[in-house]
Amino acid sequence: MSKDDHQDLAVSELIGAILLVGLVIAALAIVAVLLLSNPPPEEVPQLNALAGNTSDSILLYHTGGDELKEEQTLIRINNNQDPVPHSMIYMKLDDGTIESESWDVTKTAWTVGKTLIIPSGTAPQSISVVYQGATSQNLILFTSFIPGSGITIPMTTGTTGTTTTTVTTTATTTIPTTNATTPTTTSPTPTPTPTCGTISGYKWNDTNGNGIRDSGEPGLSGWTIKASECIQGNCNTLGTAVSTVTNASGYYIFSGLTYQPATWYRVQETLQTGWTATSPSGGYKDIKLEPPGSGGQPAKCYESNMNFGNRAVPPPTANFQGAPTTGAAPLQVQFTDSSTGNPTQWQWDINNDGVIDYTVQNPSHTYTTAGTYSVRLMVTGAGGSNTLIRTNYITVTTPQTTNIYLNANKDSALQSGGYIQFRVTGPYSYIRHGSTYYALNNGDIVKLEITNDGTGNIYATSNTINDFRFSNVKLSINGNDKGSRDIGGGDIWISSYDSYLSTLVLNVPTHNSWTQLLVNGVWIIYGEDSREIQILNLRPDTFGVMNLNSRTDTFYNGGATGYQLI
């Protein structure tokens, strides 16, 4: 063989080896693709369970097998295409307690000893439990109900009870399976018709208040529902009511009601404090039960959807304003309620001392003593109460005395509603009020208020009160109203007093006449003047004198907290 022939043979053998390696690699790649494109079958859980029903619930008791997660479990009743919403399923734990929230909220794994409770007043024909995996659905339990005398299942359906319950329905045939199935579209099988002569439904917590039971809105247990037969078909007059209480899932049912002849019933809830009705908004509905229709098919001989929605009412929110919030005593403050949430009751404590001073919505209060005051308001509504305290809200200062000398050829009078108030501190003090004589004791609080005719006389010093001559003076002693009567000359003697307060305002109407007005030693008016003059909160001046005569022209020599020219 020539040298060239050897080289050709070597090249051929090398190419053949390369091709062989390429075929092996290709084969391995094909095997890898086949293995990766066909993962091992999904592991399907095993389930053994007992199924039954009571008068108001369908029960599924886990007796053996694997745990099932909420998001991987579908339950269908009577081969219905649509599974039971998990917001309508409740879990009874193996210690006998029932979870207050529905399964879609708690997501508690369904394991041996636990029971799924589905509120229903109708006996089912079949129950299917489907495992919903990542890529397929698998029927793991199918139960058909066969007429029988009942079976005993170790569970209860109320919030309390014994450890076993005899389910007065049917025996069951259970077929567990692990065959994978592909979801298909089929016509749903309707739920069997409820029993004639029944009215049933649910009460639920309508958390968003829209009147519709949305996913996750739980039932309300322990609520009273009443059904009353309407007299002569007119629900303006009702017969004796029968009542029932909603169970753990909010379900209730009335049985044995008259439907032949046709009969009207009013079904209504007993509203609990702190809640409002959302559906029906009035908290009741009138329902007519009628005999079955033709062919033995029930027409309106039952009602299975008489549901009640309720929403918790939040308490009102207290808020208020006062005006003015600062000033000299006596300071009259108008309080205005601005609370939200429809309060119906108000309790005002205007100095936060724990004593309720007013129960009206918008009170007015006069602070007579200098100091700083906190104000407390508590409002109450359907949802409860709420309190707001405004700390150090009102500041009352000691009034400053301005010395006034006024002499004018003009009429004048004290404004109606003004008063003086003081505490008696000396002996032999008295007031003759009309024909009634009052001997005053030390410590008595006396209030003299001008009513309509403010023309008269006052004479007082910083220690005594000698004269207070006016018609129809309203007298109060220690808070006791003595009525309105005249006080004449010599009818009052206060030998000593303190705690003096005054809201007396002397008003001199506009009139062009000779006028002298001296304020703190400075002439403000001296000569002809037509302006209206107001002297505010009359009191003894810094020299201890207060002298008023408004019967003939106007003369005043005394103190005040200020004056106005209008």
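For our numbering, add 1 to where a residue sits in the sequence shown, where the first one is 1.
The beta carbon of each residue, even a glycine, is placed where N, CA and C say it ideally should be.
Since this is a predicted model, take the numbers as computed values, not measurements.
For residue 555, the uninterrupted beta strand (DSSP E) segment begins and ends at 555-561. By the neighbour-count definition (other C-beta atoms within 10 Å, threshold 16), residue 57 is a buried residue.
Runs of the beta strand (DSSP E) spanning 3 or more residues and lying entirely within the region 317-395 occur at 321-324, 327-329, 332-338, 346-350, 365-368, 372-382, in chain order. Put simply, the region 73-92 touches the region 103-110. At least three CB pairs are less than 8 Å apart.
Ranking 511, 541, 522, 520 by CA distance to the CA of residue 567 puts 511 first.
Under a 10 Å Cβ-count criterion, residue 395 is classified as buried, with 16 or more other Cβ atoms of the shown protein chains found around its own Cβ. For residue 105, there is no enclosing beta strand (DSSP E); the enclosing alpha helix (DSSP H) covers residues 104-107. The region 369-382 and the region 526-533 do not touch, with fewer than 3 CB-CB distances between them shorter than 8 Å.
Bounds of any beta strand (DSSP E) do not take in residue 73, whose DSSP letter is neither H nor E. With contacts defined as CB atoms closer than 8 Å, residue 142 and residue 48 qualify as a contacting pair. In the DSSP assignment, residue 303 is bridged to 199. Residue 362 is positioned such that its CB atom lies no closer than 8 Å to that of residue 339.
DSSP, read as helix, strand or coil, puts residue 88 in helix.
Per DSSP, the continuous beta strand (DSSP E) segment holding residue 63 begins and ends at 58-66. Here residue 512 carries a coil assignment [DSSP, helix/strand/coil]. Spanning the alpha carbons of residue 522 and residue 399 requires a straight line of approximately 22 Å. The continuous beta strand (DSSP E) containing residue 450 extends over residues 446-450. Annotated as proximal: residue 242 and residue 228, with beta-carbon spacing under 8 Å. Per DSSP, the beta-bridge partners of residue 550 are 458, 556. Contact between residue 279 and residue 317 does not hold, since their C-beta atoms are separated by about 19 Å, which reaches or exceeds 8 Å. C-alpha of residue 78 to C-alpha of residue 52: approximately 12 Å in a straight line. For the pair of segments examined, the region 68-78 was found not to touch the region 215-234: the number of CB pairs separated by less than 8 Å stays below three. Taking one beta carbon from each stretch, the region 430-443 and the region 513-520 have fewer than 3 pairs nearer than 8 Å; the two do not touch.
Between residue 414 and residue 473, the CB-CB gap reaches or exceeds 8 Å. DSSP places residue 407 in the uninterrupted beta strand (DSSP E) bounded by 403-409. Bridge partners of residue 263 according to DSSP: none are assigned. By the Cβ-count criterion, residue 70 is exposed, with fewer than 16 other Cβ atoms from all chains shown falling within 10 Å of its own Cβ.
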